Each structure stands twice: as structure tokens, then as C-alpha cells.
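Below is one structure, written out as C-alpha cells, with a few remarks after it.
Number of protein chains: 2
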Amino acid sequence: MKDMTEMQIPTYEDMLAAHERIRPHIHRTPVLTSSYFNDLVGAELFFKCENFQKAGAFKVRGASNAVFGLSDEMAARGVATHSSGNHALSLSYAAGRRGIPCHVVMPRTAPEAKKAAVRGYGGIITECEPSTSSREAVFAEVQARTGAEFVHPYNDPRVIAGQGTCSKELMEQTDGLDMVIAPIGGGGMISGCCLTLSTLAPEVQILAAEPEQADDAYRSFKAGHIIADDAPHTIADGLKVPLKDLTWHFVSRHVTDILTASEQEIVDAMKLTWQRMKIVMEPSCAVPLATILKNRERFAGKRVGVIVTGGNVDLDKLPWMTAA
Amino acid sequence: MKDMTEMQIPTYEDMLAAHERIRPHIHRTPVLTSSYFNDLVGAELFFKCENFQKAGAFKVRGASNAVFGLSDEMAARGVATHSSGNHALSLSYAAGRRGIPCHVVMPRTAPEAKKAAVRGYGGIITECEPSTSSREAVFAEVQARTGAEFVHPYNDPRVIAGQGTCSKELMEQTDGLDMVIAPIGGGGMISGCCLTLSTLAPEVQILAAEPEQADDAYRSFKAGHIIADDAPHTIADGLKVPLKDLTWHFVSRHVTDILTASEQEIVDAMKLTWQRMKIVMEPSCAVPLATILKNRERFAGKRVGVIVTGGNVDLDKLPWMTAA
Numbered sequence: 306m307k308d309m310t311e312m313q314i315p316t317y318e319d320m321l322a323a324h325e326r327i328r329p330h331i332h333r334t335p336v337l338t339s340s341y342f343n344d345l346v347g348a349e350l351f352f353k354c355e356n357f358q359k360a361g362a363f364k365v366r367g368a369s370n371a372v373f374g375l376s377d378e379m380a381a382r383g384v385a386t387h388s389s390g391n392h393a394l395s396l397s398y399a400a401g402r403r404g405i406p407c408h409v410v411m412p413r414t415a416p417e418a419k420k421a422a423v424r425g426y427g428g429i430i431t432e433c434e435p436s437t438s439s440r441e442a443v444f445a446e447v448q449a450r451t452g453a454e455f456v457h458p459y460n461d462p463r464v465i466a467g468q469g470t471c472s473k474e475l476m477e478q479t480d481g482l483d484m485v486i487a488p489i490g491g492g493g494m495i496s497g498c499c500l501t502l503s504t505l506a507p508e509v510q511i512l513a514a515e516p517e518q519a520d521d522a523y524r525s526f527k528a529g530h531i532i533a534d535d536a537p538h539t540i541a542d543g544l545k546v547p548l549k550d551l552t553w554h555f556v557s558r559h560v561t562d563i564l565t566a567s568e569q570e571i572v573d574a575m576k577l578t579w580q581r582m583k584i585v586m587e588p589s590c591a592v593p594l595a596t597i598l599k600n601r602e603r604f605a606g607k608r609v610g611v612i613v614t615g616g617n618v619d620l621d622k623l624p625w626m627t628a629a
Numbered sequence: 306m307k308d309m310t311e312m313q314i315p316t317y318e319d320m321l322a323a324h325e326r327i328r329p330h331i332h333r334t335p336v337l338t339s340s341y342f343n344d345l346v347g348a349e350l351f352f353k354c355e356n357f358q359k360a361g362a363f364k365v366r367g368a369s370n371a372v373f374g375l376s377d378e379m380a381a382r383g384v385a386t387h388s389s390g391n392h393a394l395s396l397s398y399a400a401g402r403r404g405i406p407c408h409v410v411m412p413r414t415a416p417e418a419k420k421a422a423v424r425g426y427g428g429i430i431t432e433c434e435p436s437t438s439s440r441e442a443v444f445a446e447v448q449a450r451t452g453a454e455f456v457h458p459y460n461d462p463r464v465i466a467g468q469g470t471c472s473k474e475l476m477e478q479t480d481g482l483d484m485v486i487a488p489i490g491g492g493g494m495i496s497g498c499c500l501t502l503s504t505l506a507p508e509v510q511i512l513a514a515e516p517e518q519a520d521d522a523y524r525s526f527k528a529g530h531i532i533a534d535d536a537p538h539t540i541a542d543g544l545k546v547p548l549k550d551l552t553w554h555f556v557s558r559h560v561t562d563i564l565t566a567s568e569q570e571i572v573d574a575m576k577l578t579w580q581r582m583k584i585v586m587e588p589s590c591a592v593p594l595a596t597i598l599k600n601r602e603r604f605a606g607k608r609v610g611v612i613v614t615g616g617n618v619d620l621d622k623l624p625w626m627t628a629a
């Protein structure tokens, strides 16, 4: 872990500047309510629907802030990342809006559908072998060749400032909240919530939700230092990555608690949301609702913001489909 | 067909009164846009998301108007219908809000899931044999026994006035439209569009969309009189019913054109919407988008309101799932 003095901690003003910067490139996503879920939980839930966001997930906020904050000179060399998920889509989308290249290093074994999605948003894929050493070597080569700016999926102050705009909108769209809950993987979204709410509405509790089978953030939170798992296995595939120094900074200071849910609880919550709210959400973003449903007493009578982080799923491989 | 003079044609003022009456009981559903679909079609599409409506479909507008328009004396005897689809759910929901019984006559062979959904909204089911004669006999018995008010799923002036509130909201939520398109089955929603738009915005074209395999409205429209099919077969199961005198009144006077789509085009449009817009829509309400995608030249450059009528699907039997 880097020394704290080396880290560039984004500020509330950075978040405000991010919101101005990205406003033309993102949706102000709607907040939906469901009397079914309100009755079930005995609380008032406000779902911030980032599954309707550009490129299908909140990550476009941070990626757009990074891309549109670059000087023209830096921007001309493009941006680069090695995510194969929503961050890669989002960075490709944002780079496309600015008309600059976006380089994405992906394992050659990644599903064709994921590669096609990245290319669909204009990303330029360089394949590596499916190992950390190959990924790092290939990524270094791409960066050296292009001079592209690396934008980390979450451990980047520009990205966290961008993600913070989501809870700013949520507070503007609701009439006061007691709590906000969001999934936690690397901690980008939660850090954005912490950044924004600790200044804008410090009375609002910030809860993080995590799969039991990838509960490294939960264990880090209890231990007081980062614990990283090697290769956690969960259907919530956006939440497998570990906390890093910058996100740990926010999580350790501002998160009230971390709750966990089992794989079956996650799938049940996901399916129930599709059935009752008619929205397509990823397994990752069903985790908060799953933890709410199993801890109803904790939420009873409260006004709770629930961040629905994304809706990019493979409709041909839904978790409740029986294997062929 | 009844003589026209016998029909009670709902007026624009009836629609305005309906909106006031049902406002506490329905959602003002959001209008979503999609740059993906805008680019694909070369038009501006505004999706009025009635899949987010109470009970999961627009039908709650008409059902609520009928239920809350009853005198206390009539209401005390309850309401009755013989739909097994969204109208039954909606009427049960509205009756429950008013605290009166809702009787639903359904074939004993109807899927358990449908019966459970009706009961979930408080509907009281009386089973009949799966034949028209049995349904009519059982329904007559229920009405005679209870004195409940029959609320037809679409051929009812109270229902049409209620459905008309949807395009009123759509016009309020958009900044002018060239066209509105909605699915057509029995014609309740389209009649509501006609009722509202012919007064509020007579310059707006009204298009209806229908499955090729249940194109009785299309053929009626071309022939100039109602043609009813016996038992059309389509995945868009909300659109199998024929036009009736009251809906034909509106369709024959105010609809600009009726477009049709094949079963495969409907499924493709449905899946594409789930993928790109992250919303769960029924096959029936994918029909308008399917017809837009196959007639792009007709919509190019236009501002088009698309009524997404409902989101009640069986997630375990999606049309793109391969049979086990």
C-alpha cells in the first residue's frame, strides 16, 4: 500500500467540477420506487437506476470525467485500461465522444460477446494471455507504444470524483434519505458516495453490500486494513476485485457498515426485481437489495437510497435458466 | 355489432375527469429515450414506460377509472371480469384500493402463475371450463349472485377514458411529437390515444402495431368493418382479442395506419430492448418497435412516442430460451 501522503484524494469540489464536465455525456438517470418492495421491507426505497445510464452502468461517470478532464495534448494520445467489464465499455464510450482512441487489453480467452461490446463502443482491443504477468507486460507495451493515459477502473481520483456525481443526483431527486446502499467490489462507487455524502449530507448512513463469496471488503472493514482475495468466485462478477489504497481511504473513514448476501439470495433478489420493477439489472447490483431483504429490521421505517449500478447481462445465460 | 346510437362514446372531458380520479392510484410513468435506438432508426423515440405502471401495465388506468367512478352503492357489490391477463390484475388492484371485491372468471386450465398473480392482487377467482359457453354461463352466474359491475377489458367507455390518460401524460412529458405508436389488440389503448390526441394534438399521427399472425385489426382497417379471427396464434398474447364497436369507432376515425410485424421480428425487438434499454417488456409491447425497425424510412426524422404497454412476462419462459 502506498503511503497516504502520495495519494491524490479527490475533493468535494472535484466532484462538483466532474458533474459539470460530464453532464453533456451522461444521463441524469431516474429514481424509481416500488410499493411492492416498500411493503415487503417496511421501508421507503429509492432506486437510482444507473442500469439506464449510457453504456449501461454508472462507470461512465468516472470514465467520462477522466477522459474530458485531459488536456488536448494528453487526450490526443488516447486512454488505456485493462478491464474487460463495464469500465472498458464506459471508457470506450467516453473516448469515442471525445474522438480519441481507447486501448483495452483483454485476455484472448475473454468471451467474444465482451470483445464485441467493447468494439461496439469503439474500443481498440489488444489481446494478452490470461495471466497477470502477460496482462501487465502487454499493457506496458501498449502504453509505451501509444503514450495513452491509464485510467484505472476505480483506484483513480478522477474516477471516484465522477462516481460521486451519482449520489449528488440521488440527493437532488429525493426529499431526504436516512441511508444509501451500494454494491462494493473495488470500491469506486462507494468511495464516490462517501466523497459526496460526507460533505453534502453527513447524516446519511453509507452501507456497502457484498457477495458472501467475495467478502474481502467486509473482512478488510472488520480487520481495519485491506485484505485481498486471490480469485473469489461469485455470480456478481463486477465485485470480484479488491479494494485499493484510494478506495480504502474512503471506505475506512465513511462507510457505516458492510452487509453480505449468499449467491442464492443475490439471484433471488435479481429475479424479483426483474419481475416486480420490470428493470434489467446485473447480478452485482442485486446485492444491495438482497442484503436489505435479509436484514429488514435494520431498514424498517427508513428512507433508503439504493444504487442500481448496471444492467449489462447476457440474456442467453440468466442465472435462473436451467443448464441445457 | 350494436347500433352506433346505442354506444356511449367517451369524451375528452371524460378523459380529463378520469385523470383526476385515478391520479392517486397510478404512477405517472417515466418517458425514457435511447440514443442507440434513435441512431438505429434515425428518429427521436420517446418510450412511455407503462411496464413500470401499477400492476405492471397500462390497463390499471382504465380499470381504476371504472372502479373509482362507481357510486358507493354499486361499488359495494364489487366488480367482475373474465380476462385472465393484465386487465384482471389491474381490476383486482383497483378494487383492492377501493376495498371492494373483484370477481374474475378464469378457465380452470389457466396457468397457476396467472391465477396466483390475480389472487396476489386480491382477485376472487371462479373457475370455468375452457370454452366460451362455459365462461359465459359461469360469468352470468357470478354476476347474478353478486350483482357485481362488469368491466370489459376494453370495450367500455370508462376503460377507454382511463387509457386516454396515458397519451395525455406523454404529451406533457415531451416537447411535441409527430406520431404516437401503440400496440393494437382489442383497441383499448389505441382508442384512448385517439380520444385524447384528436382533441389535444390533432396534428399527431396515430399508428397502431399488430402481429402479422393476429392481424385482424389491420384487415378490419383495410376493409372498413370489423373482422374478428377465431383463435389467432401469436407470442404477443395480449393482442389476440378482436376490435369491438366502441374501439372500432375510434380506430376507424382517428388511426392513421396499422403496421404489422412477424413473430421473429417481435422477439428480436423485445430482446434488443431488454439488452439496450434495460427494461423488461412483454412481447405485446415489443410490436411497435418491431414495426418501427422494419419501416425506418417512415419514421426517419420524426419525433415518435412509443407506448410500452406492459412488463408482465414469465421469466422462466423467455422466447429466446431454447426448449429444455
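Sequence order for the protein chains is A and B.
306 is the number of the first residue of the first sequence in the working numbering; add one for each residue after it.
306 is the number of the first residue of the second sequence in the working numbering; add one for each residue after it.
For each residue, glycine too, the CB sits at the ideal point set by N, CA and C.
Keep in mind the model is a prediction, meaning the values are calculated, not measured.
Legend entry - Check whether cysteine 590 of chain B and phenylalanine 555 of chain B have beta carbons under 8 Å apart: no
Inset, instruction - Give a yes or no on whether the minimum CB-CB distance between asparagine 391 of chain B and chain A is below 8 Å. - result: no
Inset, instruction - Identify, in the order they occur along the chain, each residue of the same chain with its Cβ nearer than 8 Å to the Cβ of leucine 502 of chain B, setting aside the five sequence neighbours on each side. - result: Ser472, Met476, Val485, Val509, Ile511 and His559
Legend entry - The alpha helix (DSSP H) enclosing aspartate 562 of chain B, as first and last residue numbers: First-last for aspartate 562 of chain B: 562 to 566, but that is the beta strand (DSSP E), not the alpha helix (DSSP H).
Inset, instruction - State buried or exposed for glutamine 358 of chain A, treating a residue as buried only when at least 16 other CB atoms are found within 10 Å of its CB. - result: buried
Inset, instruction - Just tell me which of B/Phe373, B/Val609, B/Tyr341 and B/Pro315 has its CA closest to the CA of isoleucine 327 of chain B. - result: B/Phe373
Legend entry - Residue-chain proximity (leucine 620 of chain B, chain A), Cβ-Cβ < 8 Å: yes
Inset, instruction - Check the Cβ-Cβ distances between glutamine 468 of chain B and every residue of chain A, and say whether any is below 8 Å. - result: no
Inset, instruction - Can you tell me which of the three DSSP states phenylalanine 352 of chain A falls into? - result: strand
Inset, instruction - State the DSSP-derived secondary structure class of glutamate 432 of chain A, mapped to helix, strand or coil. - result: strand
Inset, instruction - Give the straight-line distance between the Cα atoms of serine 436 of chain A and leucine 564 of chain A, rounded to the nearest whole angstrom. - result: 31 Å
Inset, instruction - Tell me, please, whether the CB atom of methionine 626 of chain B is closer than 8 Å to any CB atom in chain A? - result: yes
Legend entry - Unbroken alpha helix (DSSP H) run spanning arginine 402 of chain B, endpoints: 391 to 403
Legend entry - Neighbour list for phenylalanine 357 of chain A in chain B, Cβ cutoff strictly below 7 Å: Leu337 and Lys583
Inset, instruction - Just tell me which of B/Ser397, B/Ile314 and B/Phe352 has its CA closest to the CA of histidine 330 of chain B. - result: B/Ser397
Legend entry - Three-state secondary structure assigned by DSSP to glycine 610 of chain B: strand
Inset, instruction - Just mark tryptophan 625 of chain A as buried or exposed, buried being the case when its beta carbon has 16 or more other beta carbons within 10 Å. - result: exposed
Inset, instruction - Could you list which residues in chain B have their beta carbon closer than 7 Å to that of lysine 616 of chain A, in chain order? - result: Looking at the sequence shown, residue 616 of chain A is not lysine but glycine. Within chain B, the residues near glycine 616 of chain A are Lys583.
Legend entry - tyrosine 459 of chain A to valine 336 of chain A span [Cα, whole Å]: 24 Å
Legend entry - Simplified DSSP assignment, three categories, for alanine 368 of chain A: helix
Inset, instruction - Run the CB neighbour count on glutamine 468 of chain B, radius 10 Å, all protein chains shown included, and call it buried at 16 or more, exposed below. - result: buried
Legend entry - is_contact[aspartate 404 of chain B, chain A] using C-beta, thresh 8 Å: Per the sequence shown, the amino acid found at residue 404 of chain B is glycine instead of aspartate. No, glycine 404 of chain B does not count as interfacial toward chain A.
Inset, instruction - Would you tell me roughly how many angstroms separate the C-alpha atoms of alanine 445 of chain A and methionine 582 of chain A, rounded to the nearest one? - result: 44 Å
Legend entry - Of the residues B/Tyr317, B/Ser339 and B/Met312, the one placed nearest leucine 505 of chain B, counting alpha carbons only: B/Tyr317
Inset, instruction - Determine, using beta carbons only, whether tyrosine 443 of chain B and valine 384 of chain B come nearer to each other than 8 Å. - result: Here residue 443 of chain B is valine; the residue named in the question, tyrosine, does not match the sequence. Not a contact, by the Cβ cut-off of 8 Å.
Legend entry - C-beta atoms of phenylalanine 342 of chain A and valine 613 of chain A nearer than 8 Å: no
Inset, instruction - Measure the beta-carbon distance from isoleucine 540 of chain B to alanine 513 of chain B and round it to whole angstroms, keeping in mind my assumption that it falls under 8 Å. - result: No, isoleucine 540 of chain B and alanine 513 of chain B are not in contact; Cβ-Cβ is about 18 Å, not under 8 Å.
Legend entry - Span separating the alpha-carbon of glutamine 580 of chain A from that of alanine 422 of chain B: 11 Å
Legend entry - histidine 392 of chain B versus leucine 548 of chain A - alpha carbon distance: 49 Å
Inset, instruction - Find out if the Cβ-Cβ distance for the pair glycine 543 of chain B, methionine 586 of chain B is shorter than 8 Å. - result: no
Legend entry - Beta-ladder partner(s) of methionine 411 of chain B, from DSSP: B/Glu432
Inset, instruction - Verify the CB distance criterion: does glutamine 569 of chain A have a CB-CB separation below 8 Å to chain B? - result: no
Inset, instruction - Give the DSSP bridge partners of phenylalanine 455 of chain B, in chain order. - result: B/Ala385
Inset, instruction - Give the residues of chain B in contact with lysine 576 of chain A, contact being defined as C-beta atoms less than 7 Å apart. - result: Leu620
Legend entry - Any non-hydrogen atom of the ligand GDP within 7 Å of phenylalanine 357 of chain A CB: No copy of the ligand GDP appears in this structure; indeed no ligand is present at all.
Legend entry - Test item: CB-CB of glycine 493 of chain A and threonine 552 of chain A under 8 Å: yes
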